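S.K.: Got a structure for you, questions after.
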Amino acid sequence: MPELPAAFKKRMQAQLGADYDDFYVALSGDVPSSIRLNPKKIQTSPFEDSTTIAYHLNAYFLATRPSYVADPLFHAGAYYVQEASSMLLYQALDLSKDLRILDLCAAPGGKSTLVASEMTEGSLLVSNEVIPKRASVLAENITRWGYGNCVVTSAQPSIFGKLEESFDIILVDAPCSGEGMFRKEPHATSHWSEDAVETCAIRQKEILTDVLPCLKAGGTLIYSTCTFSPQENQQVIEWLLEQDDSLELYPIKNLEAFGSKALDILGVSKGGYACYPHKFQGEGFFISRLRKKGELSARSKADKEGVSFPKELEAYLNLSDDVFQNYKLQEIKGNQRLLPKDLSFLQEGKVKIVQAGVELGKLDNKHGLRPAHGLALSNLIGEDVPVVELTKEEAQRYLLKEDLVKAAPIEKGWVLVRYQGVNLGWTKASQGRLNNYLPMNWRIRTQLDNQ
Ligand code: SAM
């Protein structure tokens, strides 16, 4: 059990009253392990000791924490390891229409991958992270997840604010004092202070003020944190409602059925929800949903015209209506990319784009396509590409960047390798060998002894 800062303990005792002892005991308990499946890649949990999570269609608790690094399915983006209370977001979203969604504080990508799995093919997700190093991790996780209608950006909230009325949904999973992570990351207690909570609350208000102009009338704002602090949770929402009368609370129904605590905000019941570890199987979390008054305008459909693909690319892609409708082909730094058509509003607004759509690879007349890793992991890859299914041991060796001696369906050329039906990456068949084309920065860098 971490040593709790005295001022935190005192505040939580006041906040929870008689429940404080149970809260304290829960903080010393085990951290539940949970995963959320990628529905485009697998449909059932790959782990035997899984139990379903009631509030998310594709999520599971695992009785024991597996070695994710040794599991090829983890590297293939078949599931995301996500703390369970964060998955309550699923209950707050209606993604049945084509929408533009901004995940403003997105790294490492837990909420973004949740949204990407649920949104329509005609929607666009902009996953933003201000800190460049974290934006790279986010981009890697988005590539692994395989959805083409995602863009990773790295811009300050105020840059988005200038794109007036552009998004139907904005998620602000705000940087916070992290009290809800004290069990999972005990060292977080050493960064905590009352001043840090105050600083976080000021920053959260700034972030919301800066980004809000880009929410459309009729659009939805979801604000969440991983702290128990009312100052960073309900008080931020109260402040926001007092500042901006175009916003109203838009309560999420029935989250208390899953163990979270419904909170009154300015007299509105269920204005927010808090998760405490003694009541909810997960870490600390707060979520609130608001709406900007007005009618949401329907998103105009992109046209199907103007997209054609060179023969060498057609063989690699699943050229469904979705692709013609929503993507265009563009060469960027010598690489072909399938880009969501709806990008110009970001470019015009000078939002720094880190990555967009799917990297297809380098194309030249002599050698055809040298396919990119992003294409191997993409859900838009075609079904006629030659593939070889690997055993777990072979898949691990592939991910350690070893070549494989293995028969392939073609004698020479590009072959996808798979594990349990999920694509891992490219090899090139030649003389009975599969030469390994996994990019160096995607390889496993640790020893996998008997895992
Ligand atoms: N949504 C992420 C997920 O589910 O994986 C977790 C986001 S984390 C709670 C908050 C993020 O906000 C961090 O990645 C942090 O770098 C970013 N951040 C920090 N300061 C910020 C600021 N001033 N404006 C916007 N984002 C900020």
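Per my numbering: the sequence shown = residues 2 to 452. Glycine included, every Cβ here is placed at the ideal spot set by N, Cα and C. Quantities reported herein were computed from a predicted structural model and do not represent experimental measurements.
(1) Taking 6 Å as the cut-off, does the CB of D385 come closer than this to any heavy atom belonging to ligand 1?
(2) Any contact of the segment 201 to 221 with the segment 156 to 169, i.e. 3+ C-beta pairs under 8 Å?
(3) Assuming contact is defined by CB atoms lying nearer than 7 Å, are F286 and G181 in contact in what I supplied?
(4) Work out the CA separation of C106 and N234 for me, nearest whole Å.
(5) Straight-line CA distance for T65 to E349?
(6) Check whether the Cβ atoms of H374 and G295 sit closer than 7 Å, and answer yes or no.
(7) Any Cβ of chain B within less than 7 Å of the Cβ of L74?
(8) Which of the three DSSP states is assigned to G369 in this structure?
(9) What are the residues that DSSP puts in a beta bridge with D104?
(10) Can you round the beta-carbon distance between R290 and T226 to whole angstroms, since I take them to be within the 8 Å contact cut?
(11) Would V26 be called buried (16 or more neighbouring beta carbons within 10 Å of its own) or exposed?
(12) Going by C-alpha to C-alpha distance, which of L100, Q205, N424 sits closest to I43?
(13) Quick check: what's the CA-CA separation for Q205 versus Y251?
(14) Assign T45 to buried or exposed, taking buried as 16 or more other Cβ atoms, counted over all protein chains shown, within 10 Å of its Cβ.
(15) Less than 6 Å separating the Cβ of R290 from some heavy atom of ligand 1?
(16) So what does DSSP say about T392, is it helix, strand or coil?
(17) Report buried or exposed for P372, applying the criterion of at least 16 other Cβ atoms within 10 angstroms of its Cβ.
(18) For M120 and G111, what's the separation of their Cα atoms in angstroms?
(19) Roughly how many angstroms lie between the CA atoms of P440 and K10, to the nearest whole one?
(20) Pull up the DSSP beta-bridge partners for E332, would you.
(21) When you compare the segment 376 to 390 with the segment 310 to 320, are there three or more beta-carbon pairs, one atom per stretch, that lie closer than 8 Å?
(22) Check whether the segment 69 to 89 touches the segment 29 to 41, counting contact only when three or more Cβ pairs, one atom from each stretch, lie closer than 8 Å.
(23) Give the range of the alpha helix (DSSP H) segment to which S137 is assigned.
(24) Whose C-beta lies closer than 7 Å to the C-beta of V70 among residues of the same chain, with five residues either side of it excluded?
(25) Consider the C-beta atom of V116 and the heavy atoms of ligand 1; say whether any pair is separated by less than 6 Å.
(26) Can you tell me which residues form a DSSP beta bridge with A60?
(27) Which residues in the same chain have their Cβ closer than 7 Å to the Cβ of K413, if we skip the five residues on either side of it in sequence?
(28) Mind checking G273: buried by the 16 CB within 10 Å criterion, or exposed?
(29) Assuming H57 and Y21 make a contact with CB atoms under 8 Å, what is their CB distance in whole Å?
(30) Ignoring anything shorter than 3 residues, give me the beta strand (DSSP E) runs that lie fully in the segment 236 to 288, in order along the chain.
(31) For L139, which of D245, P109, P158 has the nearest alpha-carbon?
(32) Taking 8 Å as the threshold, find out whether the segment 138 to 157 comes into contact with the segment 192 to 203 through three or more Cβ pairs.
(33) Can you give the beta carbon distance from I54 to F62, rounded, assuming they're within the 8 Å contact cut?
(34) Mapping DSSP to helix, strand and coil, what is A55?
(35) Check for me: the alpha helix (DSSP H) holding V423 runs from which residue to which?
(36) If distances are taken between C-alpha atoms only, which option among T210, K262, G358 comes closest to S247?
M.R.: Let me lay it out:
(1) Every heavy atom of ligand 1 is 6 Å or more from the Cβ of D385, so no.
(2) At 8 Å Cβ cutoff, the stretches touch.
(3) G181 is positioned such that its CB atom lies closer than 7 Å to that of F286.
(4) Each residue's Cα considered, the two are about 16 Å apart.
(5) The C-alpha of T65 lies about 48 Å from the C-alpha of E349.
(6) A distance of 7 Å or more separates the beta carbons of H374 and G295.
(7) No chain B appears in this structure, which consists of one protein chain only.
(8) G369 falls in the strand class under three-state DSSP.
(9) Answer is S128, L172, bridged to D104.
(10) Actually they do not touch by this definition, with Cβ atoms about 14 Å apart.
(11) Counting Cβ neighbours within 10 Å, V26 comes out exposed, since fewer than 16 surround it.
(12) Out of L100, Q205, N424, the CA that lies nearest to the CA of I43 is found in N424.
(13) Rounded to whole angstroms, Q205 to Y251 spans 20 Å at the Cα level.
(14) Exposed is the call here.
(15) Incorrect: R290 has no Cβ contact closer than 6 Å to ligand 1.
(16) DSSP places T392 in coil when its eight states are reduced to three.
(17) Around the beta carbon of P372, a 10 Å sphere encloses 16 or more other beta carbons of the protein chains shown; the residue is thus reported as buried.
(18) Computed Cα separation, rounded: 15 Å.
(19) Just so you know, the alpha carbons of P440 and K10 end up roughly 47 Å apart.
(20) Q337.
(21) Flag = yes, the segment 376 to 390 and the segment 310 to 320 touch.
(22) The segment 69 to 89 and the segment 29 to 41 touch, with no fewer than 3 CB-CB distances between them shorter than 8 Å.
(23) Residues 133 to 146.
(24) Cβ within range, chain order: I445, T447.
(25) No, ligand 1 has no heavy atom inside 6 Å of this Cβ.
(26) Answer by DSSP bridge pairing, in chain order: R37.
(27) The beta carbon of K413 sits closer than 7 Å to those of A430, S431, all from its chain and outside the five residues before and after it, given in chain order.
(28) By the 10 Å Cβ count, G273 comes out buried.
(29) For H57 against Y21, the beta-carbon gap comes to about 29 Å, at or over 8 Å, which does not count as contact.
(30) Qualifying beta strand (DSSP E) stretches, in chain order: 248 to 250, 262 to 266, 269 to 276.
(31) It is P109 whose Cα lies nearest to the Cα of L139.
(32) Too few Cβ pairs lie closer than 8 Å, so no.
(33) For a cut-off of 8 Å, the C-beta gap from I54 to F62 is around 6 Å, short enough to register as a contact.
(34) Reduced to three states, the DSSP call for A55 is coil.
(35) First-last for V423: 423 to 431, but that is the beta strand (DSSP E), not the alpha helix (DSSP H).
(36) Residue T210 is the option with its Cα nearest to S247.
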